[in-house]
Amino acid sequence: MIPILKTELSSELFDLENYIIHHSCDIEHWFRTQWLDHDAPFYASVDLRNSGFKLAPVDTNLFPGGFNNLNPDFAPLTIQAISVAIEKVCPDAWRVLIIPENHTRNIFYLKNIFELTEILKNSGLEVRIGNMDPNINKIQKIKIDDKNEIKIEPIHRENDRLFIKNSDSTTFRPCAIILNNDLSGGVPDKLKNLDQNIIPPISAGWPTRRKSIHFKFYNEVVEEFCKFTKIDSWLINPLFEKLGGLNFLEREGEIELSKQVAKLLLKIKEKYSQYNITQEPYVVIKADVGTYGMGIMTIKNSEDVINLNRKIRKKMSVVKEGLKVTEVIIQEGIHTEETVNEAVAEPVVYMIDHFVVGGFYRIHTNKEKDENLNSPGMHFVPVAFETSCLMPDQGRPCDDKANRFYAYGVIARLALLAAAKELQN
């Protein structure tokens with residue numbers, strides 16, 4: 047199944063997709079040269095938006111939590127990719143320890159951890175799951191479905207290495223630590239100054255990362271990519287501004303925020319005018335740090351920022367782990383014109399190392415096309431991609447499923463390359 051692209055504003059996008067499909071050899075060569083100079087992140091997922099005239103990433107997650115949503119037919123590709131990724135960082139790895147998010151009883155997330163564990167096991171590794179919470183000192187066994195459960199065990203540290211105690215008084219001593227925890231609550235002492243490889247590195251977590259920095263690097267990558275593709279970079283790049291010094295509860299910085307919103311809306315309107323787009327432009331204000339769809343709001347008029355009610359200001363003031371929001375990225379809003387049974391949908395592309403390993407559609411039954419589909423407490427239905435994002439079919443139309451997914455894979459890899467430069471920096 048492939049969602050319907052409902053739009054009459056598709057000529058520019060089709061031109062872009064046609065170029066990507068018919069120049070895939072040049073594009074793949076360009077990517078190969080880039081990966082010679084930049085190490086790809088261990089894994090990542092990229093949320094895309096397809097407006098019918100624009101195709102661009104809106105978020106890049108370096109601790110992806112939806113491996114359970116991928117098409118199982120791509121398992122061999124995923125296993126091969128993770129083998130390559132592990133060999134690059136720790137070629138003699140035999141045992142690995144996965145550290146998931148703390149305090150989670152979210153069955154969907156735990157299914158993700160189970161699937162990640164299975165991928166690693168099938169690549170020839172011995173895998174255990176550890177808990178960083180110092181208040182938990184016993185094994186947790188959690189059923190994730192009728193057949194499977196996961197076991198999360200307390201982690202111990204001796205000198206500069208982590209280990210898990212076995213029931214027979216022996217120990218499980220991993221060669222490498224695999225984080226599936228974005229460290230929103232800070233870097234635990236147990237993870238500091240370890241003698242073991244940590245994958246991804248601690249610097250990929252939110253204590254260090256900023257969305258605005260990621261999109262600054264994405265802008266650089268896109269400008270370079272567009273030099274040889276000769277396309278307008280705006281078609282694959284969301285405009286953005288950054289602002290700090292905010293306190294939503296105390297209304298500090300809201301006048302400057304309103305000015306920045308007005309500035310960005312004007313830029314978007316100019317591009318809409320250039321392409322004869324009649325849709326209403328909007329921006330999305332996001333906390334510059336954090337994930338899980340928290341600290342996000344949609345704005346269509348700069349004056350609306352000054353008139354936020356207390357409920358919205360409270361929602362915008364903190365994100366995951368109670369982090370206070372003082373910095374935001376103001377990002378060009380991209381309507382999603384893809385639908386499944388009249389419900390809006392957005393693609394999420396998954397990558398391990400520099401390989402695209404599939405993806406899924408996040409489908410929302412009670413959201414509009416200009417709203418955030420990844421928000422807490424909201425129901426979404428994952429629909430796995432039927433084909434990989436690796437093989438375009440030049441004999442088919444650009445909106446054929448293989449070709450649309452290939453275009454998605456190209457844009458997602460541009461975001462991945464930006465993340466590589468971000469981590470390198």
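Note that my numbering gives residue 131 to position 85 of the sequence shown, counting from 1, and the numbers run on in steps of one.
Each residue gets a CB set at the ideal place from its N, CA and C atoms; glycine is no exception.
If you're wondering where the values come from, they're calculated on a predicted model, not measured in any experiment.
Do Y321 and P327 have their beta-carbon atoms positioned less than 8 Å apart in this structure? no
Contact defined as beta carbons within less than 8 Å: I believe K289 pairs with G299. What is the distance between those atoms, to the nearest angstrom? Note on identity: in this sequence residue 289 is Leu, with Lys being the wrong assignment. Indeed, because the Cβ distance is near 7 Å, the residues count as touching under 8 Å.
Helix or strand or just coil, what does DSSP make of M178? coil
Under 8 Å, do M178 and K238 count as touching if we go by C-beta distance? no
Kindly indicate which residue of T150, Y452, V394 has the alpha-carbon position closest to the one of P110. V394
For E287, count neighbouring C-beta atoms within 10 Å of its own C-beta (all shown protein chains included) and say buried if the count is 16 or more, exposed if not. That one is buried.
Jot down the residue ranges of each uninterrupted beta strand (DSSP E) in the segment 293-377, minimum 3 residues, whole runs only, in chain order. 329-333, 342-345
When the Cβ atoms of the segment 342-357 are set against those of the segment 380-387, are three or more pairs found closer than 8 Å? As far as the Cβ criterion goes, the segment 342-357 does not touch the segment 380-387, which means the pair count is below three.
Bridge partners for R141 per DSSP, in chain order? E172
Between the Cα of K211 and the Cα atoms of G98, N205, N183, which residue gives the shortest distance? The option with the nearest alpha carbon to K211 is N183.
Buried or exposed for D83, going by 16 or more other Cβ atoms inside 10 Å? exposed
Pick out whichever of L463, R459, R450, L469 has its Cα sitting closest to the Cα of F60. R450
Hey, could you find the ends of the beta strand (DSSP E) P393 is sitting in? In this chain, the beta strand (DSSP E) harbouring P393 covers 389-398.
Rounded C-beta distance between I67 and Y452? I'm assuming under 8 Å. Yes, I67 and Y452 are in contact; Cβ-Cβ is about 7 Å, under 8 Å.
How many angstroms separate the CA atom of S296 from the CA atom of I352? In the sequence as presented, Ser is not what sits at residue 296; that position holds Glu. For E296 and I352, the distance between alpha carbons rounds to 12 Å.
Am I right that S97 and I331 are in contact with their C-beta atoms under 8 Å? What's the rounded C-beta distance? In fact, because the Cβ distance is near 19 Å, the residues do not count as touching under 8 Å.
Taking 8 Å as the threshold (beta carbon to beta carbon), is P253 in contact with chain B? Of the protein chains in the structure, only one exists, and it is not chain B.
Using only alpha-carbon positions, find the residue among F77, G232, N64, V104 that is nearest to E147. The shortest CA-to-CA distance from E147 to any of F77, G232, N64, V104 is the one to G232.
To the nearest whole angstrom, what separates the beta carbons of W140 and E164, a pair I think is in contact under 8 Å? Contact flag wrong, Cβ pair sits at about 17 Å.
Option in H69, P87, A461, L460 with minimal Cα separation from I248: P87
To the nearest whole angstrom, what separates the beta carbons of T372 and H260, a pair I think is in contact under 8 Å? Not really, about 18 Å apart at Cβ, beyond 8 Å.
To which residues does DSSP link I198 through a beta bridge? I175, Q186
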